[in-house]
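Trainee: Quick one: the structure is below, questions incoming.
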Amino acid sequence: PNIVRIQDSGEANGQLYFVMEFCEAGTVEDWIHKCGGCLPVPMAINLACQVLDGLEYYHNATLKMKIDPEGDEDEGRGLVHRDIKPENILLTGSGEHLTAKIADFGLAKAFSLDGRYGLTRTGIVGGTLAFVCRQQILNYKYVSAEVDVWSACAVLYHMLCGNPPRNIRRGQSALRMVLEEKPTPIRKRGVKIPSKLAKIIDRALDDSGNLTYRSAGDLKNDLMKFV
Numbered sequence: 271p272n273i274v275r276i277q278d279s280g281e282a283n284g285q286l287y288f289v290m291e292f293c294e295a296g297t298v299e300d301w302i303h304k305c306g307g308c309l310p311v312p313m314a315i316n317l318a319c320q321v322l323d324g325l326e327y328y329h330n331a332t333l334k335m336k337i338d339p340e341g342d343e344d345e346g347r348g349l350v351h352r353d354i355k356p357e358n359i360l361l362t363g364s365g366e367h368l369t370a371k372i373a374d375f376g377l378a379k380a381f382s383l384d385g386r387y388g389l390t391r392t393g394i395v396g397g398t399l400a401f402v403c404r405q406q407i408l409n410y411k412y413v414s415a416e417v418d419v420w421s422a423c424a425v426l427y428h429m430l431c432g433n434p435p436r437n438i439r440r441g442q443s444a445l446r447m448v449l450e451e452k453p454t455p456i457r458k459r460g461v462k463i464p465s466k467l468a469k470i471i472d473r474a475l476d477d478s479g480n481l482t483y484r485s486a487g488d489l490k491n492d493l494m495k496f497v
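Last residue of the sequence shown? That's 497 in the working numbering, and every number before it is there in order.
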């Protein structure tokens, strides 16, 4: 329920297409603007937990993929999205009954099959840099589930204070800033949230070494204490 559904697919006039479900409530970014720049804490955590539910399913999905032009298939387990951001989280419903749905899988990749088919060039950088962790840039081709978890927490951070974790300044290299600057502790943004919640968010966004949260379920379990 937390991933945008594909209703139909096919080919028309030599062009492949697919039809997605319509998400009438817009995006998380739309709702941040509607609410004056940030969302109430319960609403933000509820939506973040739904995104993490979608990622937990996505990261553990079993799938068959063609690995060569001859059509041979191999079975993989787990997809990584690599572009979780407010614009890619669509919403249905209204008010307290919004349902979050992850969309836009153009950068997705089966991480258990990394190195066995060449859809990603070595050195390529994908995703929206304001919501990308350092590890995704340094090791883009081989990243795994934890980079999506980091991005989901970055979206939560943005929902709570109206800014991404890093100050991506115009005129400066966003890529360099991700590599060299630490995320700003969320309470320094002036947002009033419980200190324990702030600590969880700051720990989750610490990308100076190994990421704290390796799975979506682990982060969700800690966030659910504040629902």
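Where a beta carbon is used, it is the ideal one built from N, C-alpha and C, also for glycine.
1. Whole angstroms is fine: what's the gap from Asn433's alpha carbon to Tyr287's?
2. Within 10 Å of its beta-carbon, does His303 have 16 or more other beta-carbons around it, so buried, or fewer, so exposed?
3. Using beta-carbon positions only, say whether Val274 and Glu291 come within less than 8 Å of one another.
4. Tell me the DSSP bridge mates of Tyr287?
5. Taking buried to mean at least 16 other C-beta atoms within 10 Å of its own C-beta, is Gln320 buried or exposed?
6. What three-state label does DSSP hand Gly346 in the structure shown?
7. Return the bridge partner residues of Thr297 from the DSSP annotation.
8. Closest to Ala373 by C-alpha separation, out of Cys308, Gly296, Cys431 and Lys490, would be which residue?
9. For Lys411, which of helix, strand or coil comes out of DSSP?
10. Can you tell me the Cα-Cα spacing of Trp301 and Gly280, whole angstroms?
11. At the level of alpha carbons, what is the spacing between Leu309 and Gly284?
12. If we ignore side chains and look at the alpha-carbon of each, how far apart do Leu361 and Pro271 end up?
13. Can you check which of these residues, Ala331, Gly348, Arg352 and Glu451, is closest to Asn409 by C-alpha distance?
14. Taking buried to mean at least 16 other C-beta atoms within 10 Å of its own C-beta, is Lys466 buried or exposed?
15. On the DSSP letters alone, give me the boundaries of the beta strand (DSSP E) that Ile372 sits inside.
16. Note down the Cα distance separating Thr332 from Leu481, rounded to an integer number of angstroms.
17. Should the stretch 417-435 be called in touch with the stretch 457-474, which here means at least 3 C-beta pairs below 8 Å?
18. Using the rule of at least 16 other Cβ atoms within 10 Å of the residue's Cβ for burial, across every protein chain shown, is Glu366 buried or exposed?
19. What whole-angstrom Cβ distance do Ile407 and Val448 have, given they're in contact under 8 Å?
20. Answer yes or no: do Ala468 and Leu322 have a C-beta to C-beta separation smaller than 8 Å?
21. Less than 8 Å between the beta carbons of Asp425 and Pro312, yes or no?
22. If we count the other Cβ atoms within 10 Å of its Cβ and call it buried at 16 or more, is Glu326 buried or exposed?
23. May I ask which residues mark the beginning and end of the alpha helix (DSSP H) holding Gln320?
24. On a CA-only basis, which of Leu317, Asn330 and Gly306 is nearest Arg484? Give me that one, please.
Mentor: With the given structure in hand:
1. 35 Å
2. Its Cβ having fewer than 16 others within 10 Å, His303 is exposed.
3. yes
4. DSSP lists Gly280 as partners of Tyr287.
5. buried
6. strand
7. DSSP output for Thr297 lists Leu360 as bridge partner(s).
8. The candidate whose alpha carbon is nearest that of Ala373 is Gly296.
9. helix
10. 33 Å
11. 44 Å
12. 11 Å
13. Arg352
14. Exposed, by the Cβ-count rule.
15. Thr369 to Ile372
16. 24 Å
17. yes
18. So Glu366 counts as exposed.
19. 6 Å
20. No, they are not a contact pair.
21. Note that residue 425 is Val in the sequence shown, not Asp. Taking 8 Å as the Cβ cut-off, Val425 and Pro312 do not qualify as a contacting pair.
22. With 16 or more Cβ atoms within 10 Å of its Cβ, Glu326 is classed as buried.
23. Val311 to His329
24. Asn330
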